[in-house]
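Q: Sequential numbering of the sequence shown, starting at 1, is according to the UniProt record's numbering.
Heads up, the beta-carbon is just placed ideally off N, CA and C, and yes, glycines get one too.
None of the values given here were measured: they were computed from a predicted structure.
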Amino acid sequence: MPITKLTPENNYPYLEERLKALEQAVPEAFADGKVNWDTLREVLGESLEDEVRDEYFGLNWPGKREARKRAATPSRATLVPAPGEGVNEGTTENLFIEGDNLEVLKLLQKSYAGKIKMIYIDPPYNTGNDFIYNDNFTDPLEAYLDYTGARGESGELLTTNTRADGRFHSKWLNMMYPRLILARQLLREDGVIFISIDDNEVHHLRQMMNEIFGEENFIDCIIWKKRYGGGAKEKFLVTLHEYCLFFAKSIYSLDDILVPLSEENIERYYTSQDNNYAIRGPYRTHPLEATKSMGDRPNLIFPITAPDGSKVNPKRQWLWSKERVEKALEKNEIEFVKNANGEWSVNSKQYLKDEKGEIREGKFFSIVDDVFTQHGTNEIIRIFGDARIFSFPKPSSYIAKFVQLITDENDLVLDFFSGSATTAQSVLDLNKVDGKNRKFIMVQMPEKLDLPNYSSISYIGKERIRRVITSIETKNSEEASKAPLLQNEQTQLDLGFKVFKYSRSNYKQWKPLQEESTEALTPLFDNLSDPLVQGWKKEDLLSEVLLLEGFPLTSQINFLEELLKNQVYQVSASDFCAHDLFVCLDETIQPVTIDLLTMEKEDIFICLDSALSDELKARVQDKFNVHVI
Numbered sequence: 001m002p003i004t005k006l007t008p009e010n011n012y013p014y015l016e017e018r019l020k021a022l023e024q025a026v027p028e029a030f031a032d033g034k035v036n037w038d039t040l041r042e043v044l045g046e047s048l049e050d051e052v053r054d055e056y057f058g059l060n061w062p063g064k065r066e067a068r069k070r071a072a073t074p075s076r077a078t079l080v081p082a083p084g085e086g087v088n089e090g091t092t093e094n095l096f097i098e099g100d101n102l103e104v105l106k107l108l109q110k111s112y113a114g115k116i117k118m119i120y121i122d123p124p125y126n127t128g129n130d131f132i133y134n135d136n137f138t139d140p141l142e143a144y145l146d147y148t149g150a151r152g153e154s155g156e157l158l159t160t161n162t163r164a165d166g167r168f169h170s171k172w173l174n175m176m177y178p179r180l181i182l183a184r185q186l187l188r189e190d191g192v193i194f195i196s197i198d199d200n201e202v203h204h205l206r207q208m209m210n211e212i213f214g215e216e217n218f219i220d221c222i223i224w225k226k227r228y229g230g231g232a233k234e235k236f237l238v239t240l241h242e243y244c245l246f247f248a249k250s251i252y253s254l255d256d257i258l259v260p261l262s263e264e265n266i267e268r269y270y271t272s273q274d275n276n277y278a279i280r281g282p283y284r285t286h287p288l289e290a291t292k293s294m295g296d297r298p299n300l301i302f303p304i305t306a307p308d309g310s311k312v313n314p315k316r317q318w319l320w321s322k323e324r325v326e327k328a329l330e331k332n333e334i335e336f337v338k339n340a341n342g343e344w345s346v347n348s349k350q351y352l353k354d355e356k357g358e359i360r361e362g363k364f365f366s367i368v369d370d371v372f373t374q375h376g377t378n379e380i381i382r383i384f385g386d387a388r389i390f391s392f393p394k395p396s397s398y399i400a401k402f403v404q405l406i407t408d409e410n411d412l413v414l415d416f417f418s419g420s421a422t423t424a425q426s427v428l429d430l431n432k433v434d435g436k437n438r439k440f441i442m443v444q445m446p447e448k449l450d451l452p453n454y455s456s457i458s459y460i461g462k463e464r465i466r467r468v469i470t471s472i473e474t475k476n477s478e479e480a481s482k483a484p485l486l487q488n489e490q491t492q493l494d495l496g497f498k499v500f501k502y503s504r505s506n507y508k509q510w511k512p513l514q515e516e517s518t519e520a521l522t523p524l525f526d527n528l529s530d531p532l533v534q535g536w537k538k539e540d541l542l543s544e545v546l547l548l549e550g551f552p553l554t555s556q557i558n559f560l561e562e563l564l565k566n567q568v569y570q571v572s573a574s575d576f577c578a579h580d581l582f583v584c585l586d587e588t589i590q591p592v593t594i595d596l597l598t599m600e601k602e603d604i605f606i607c608l609d610s611a612l613s614d615e616l617k618a619r620v621q622d623k624f625n626v627h628v629i
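1) To the nearest angstrom, how far is it from the Cα of L6 to the Cα of E42?
2) Exposed or buried, R167, counting other C-beta atoms within 10 Å across all chains shown (16 or more means buried)?
3) Going along the chain, which unbroken runs of the alpha helix (DSSP H) with 4 or more residues stay wholly within the segment 277-322?
4) On a Cα-Cα basis, can you pick out the residue from D100, K226, A72, Y56 that is closest to L15?
5) Would you be able to state if there are at least three C-beta pairs under 8 Å between the segment 429-440 and the segment 402-414?
6) Where does R227 sit, in a helix, a strand or coil, going by DSSP?
7) For G191, report the span of its alpha helix (DSSP H) as first-last.
8) Is it buried or exposed for V337, if we count other Cβ within 10 angstroms and need 16 for buried?
9) Going by other Cβ atoms of all chains shown within 10 Å of its Cβ, with 16 needed for buried, is N313 buried or exposed?
10) Work out the CA separation of K117 and L542 for me, nearest whole Å.
11) Whole angstroms is fine: what's the gap from A278's alpha carbon to P13's?
12) Compute the Euclidean distance between the alpha carbons of T423 and D415, then round it to the nearest angstrom.
13) Considering only the beta carbon of each residue, do I389 and L451 sit closer than 8 Å?
14) Rounded to the nearest angstrom, what separates F402 and Y283 at their Cα positions?
15) Considering only residues of the same chain and omitting the five flanking positions on each side of I195, which have a CB-CB separation below 6 Å?
16) Taking buried to mean at least 16 other C-beta atoms within 10 Å of its own C-beta, is N341 buried or exposed?
17) In this structure, how does DSSP classify Q404 when only helix, strand and coil are distinguished?
18) Would you say the segment 611-624 touches the segment 588-599, given that touching needs at least three Cβ pairs under 8 Å?
19) I need the DSSP call for Q392, collapsed to helix, strand or coil.
20) Do the segment 134-148 and the segment 210-228 make contact, defined as three or more Cβ pairs closer than 8 Å?
21) Among the candidates S529, V192, L19, N378, whose CA atom is the shortest distance from the CA of I406?
22) Taking the continuous alpha helix (DSSP H) assigned at R466, which residues delimit it?
23) So, helix, strand or coil for L95, using DSSP?
24) Can you give me the C-alpha to C-alpha distance between G152 and H204, rounded to a whole angstrom?
25) Identify whether A340 lies in helix, strand or coil by the three-state DSSP scheme.
26) Go through its chain and collect everything with a Cβ distance to I197's Cβ below 8 Å, but skip five positions before and after it.
27) Under 6 Å Cβ to Cβ from S455, same chain only, skipping five residues before and after it: list those, please.
28) In this structure, does DSSP put Y270 in helix, strand or coil?
29) What residues in its chain sit with their C-beta under 7 Å from that of N506, if we drop five residues either side in the sequence?
30) For H203, which of helix, strand or coil comes out of DSSP?
31) Between which two residues does the alpha helix (DSSP H) containing D595 stretch?
32) Let me know if V259 comes out buried or exposed under the rule of 16 or more other beta-carbons within 10 Å of its beta-carbon.
33) In three-state terms, what does DSSP make of D100?
34) Quick check: I212 and I181, are their CB atoms within less than 8 Å of each other?
35) If we count the other Cβ atoms within 10 Å of its Cβ and call it buried at 16 or more, is W37 buried or exposed?
36) Look at I223 and I367 and say whether their C-beta atoms are less than 8 Å apart.
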């Protein structure tokens, strides 16, 4: 087997995945791995826009083309671990990533594409007062390092987007467009995305989402009543709400969306009992007569026999067919009610439980009016003791509604505008309630703050997660002391998170010289004889290797103690990859290590190119799949 060079170049799957999908749909338009545009045009035929026209339907703005290019441009950086900043780092599968979210989304593509079940984001609303990301297309890494002070300078990675700016809407759209393109790639086929927004950009965002996700994958625009009242200073109307756009990656892959009935609804509506109560519980009734909005159906017009033998005819028509009514009558699922005039009405029974005794579920309403911004502020006060820590936070119970609606055991939830990490709290709290081990990935820029003890928003997010975990652990201890049998069940919850930070790659970057002399090129090439930067660290390089090989940052890493002559780590992530990695970053690989190493056929051995002698290279490539650095 040939030895493969492992490099960041040509390792960005964004374009590759799109071409693969196109080739699967239209294989005849490909030859030798290249697109035959003439054949593609012939296949698509009338579906193509007229090339002569310069007008077509869709959302356009200055900078859109460059924004699309930003999504397709690979990152030159990586993510490095920040040990000690998380909690229970050795066992957790939760992540907090500090960095520019556009770059982070790029770095996650190979490992997490098609793995995320749900994305929730609460981006800047473009009110004219908030910050938006000022993406530096030329060198996003250097701009980030300037901003964070890693080079002792103060960059302008975040800028206030004022309404006086002639490109007010365009700047916001240019920020969101590449991020949403990349976000879609990370979703599973049955994945969904929720985006909180207000009136300033909801109309533009809806059009952008229609383009990126497909209009057919729009599910709803959820209305959130965010406050009780107020608005005395409003000039016209009192705005009490904002929105949450809800899209699927593929609506055809999404199961029916149902939610458990609340105790309040059960007590309020399910009040009647009959002889089915032992199995099916209480029931509520619905009129069997159709409303005027239903189209005329002659087969739904027939008499139903009442308990006294009289015939009940619909004023217009029934909701059910004759066959369905007869089956319901046999099961006692029809209720007759006689009014004061002696007239019968016919109702269908809706039981709390199905025929197997399982409690029914209901539909989620598109208006949320039982949780408010004040609840989010109260949470901040309860956790930090100061409301000034974070302005207008979403309540964790609001986001938890969406998490509960969509996710299940072991599902991944991503928030790449994580702010104070409300989404992380929603996941942790919900796991505590129902015992399901959902996992989260939070991504947040270290936006600077002028607050004592809190230097950045990302610091607040990490601290919030730590305090929420401590609170849950305290509750678990109290519950376990009262009911010891619960202790084993509680220990299964993932109460931890790892921290990674956006940083320079461990690989040297090619920087072309401005000089034209060939003599100046010699030291440049000599410098690249060793591909890694000076002072690289094994743990940092290992994380970069995981991302390059498509392994998650929470992969299980085991040190192989039996290989005494070298430090070899076995990396596995069965939910993501069918094979394992065996990584050795020592300066020299000893022959005995190759002799003792046992690997499966699809596993990959990774080491420094310089660590293998020519003789060992010949031996190792006969035995393993080998990638060298």
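A: For this structure:
1) Rounded to the nearest whole angstrom, the C-alpha separation of L6 and E42 is 39 Å.
2) Per the 10 Å Cβ criterion, exposed.
3) Segments of the alpha helix (DSSP H) lying fully in the segment 277-322: 277-280.
4) Comparing Cα positions, the closest option is A72.
5) For the pair of segments examined, the segment 402-414 was found to touch the segment 429-440: the number of CB pairs separated by less than 8 Å reaches three.
6) The three-state reading of DSSP puts R227 in coil, since its state is none of H, G, I, E or B.
7) Residue range 187-197 is occupied by the beta strand (DSSP E) that includes G191, with no alpha helix (DSSP H) assigned at that position.
8) Exposed, by the Cβ-count rule.
9) With fewer than 16 other Cβ atoms within 10 Å, it is exposed.
10) The straight-line gap from Cα to Cα measures roughly 26 Å.
11) It is roughly 56 Å from the alpha-carbon of A278 to the alpha-carbon of P13.
12) When rounded, the distance between both Cα atoms is 7 Å.
13) Yes, the Cβ-Cβ distance between I389 and L451 is below 8 Å.
14) Looking at the two C-alpha atoms, the distance is approximately 28 Å.
15) Cβ within range, chain order: I121, L245.
16) Classification of N341: exposed, given that the 10 Å Cβ count is below 16.
17) Of the three classes helix, strand and coil, the one that applies to Q404 here is helix, per DSSP.
18) Yes, they touch.
19) Sequence inspection shows Phe at residue 392; the Gln mentioned does not correspond to that position. Coil, per DSSP.
20) Cβ pair count under 8 Å is below three, so no.
21) For I406, the closest of S529, V192, L19, N378 by C-alpha to C-alpha distance is V192.
22) Note, R466: alpha helix (DSSP H), 457-482.
23) In this structure, L95 counts as strand in the three-state DSSP scheme.
24) Its pLDDT being 47, under 50, G152 is placed unreliably in this model, and the value from its coordinates should be taken loosely. Straight-line spacing of the CA atoms in G152 and H204 works out to 38 Å.
25) In the three-state scheme derived from DSSP, where H, G and I count as helix and E and B as strand, A340 is classed as coil.
26) So the list reads P123, Y125, L205, E242, Y243, C244, L245, once near-sequence residues are dropped.
27) If we look at S455 and ignore the five residues flanking it on each side, it has no Cβ neighbours.
28) Three-state DSSP puts Y270 in coil, outside helix and strand.
29) Cβ neighbours of N506 beyond the five flanking positions: T78, L532, V533, W536, D540, L541, E544.
30) The DSSP-derived three-state label of H203 is helix.
31) Its alpha helix (DSSP H) spans residues 591-596.
32) By the 10 Å Cβ count, V259 comes out exposed.
33) D100 falls in the coil class under three-state DSSP.
34) Contact flag set, yes.
35) Looking at its Cβ environment, which holds fewer than 16 other Cβ atoms inside 10 Å, W37 is exposed.
36) One thing to note: I223 has its Cβ within 8 Å of the Cβ of I367.
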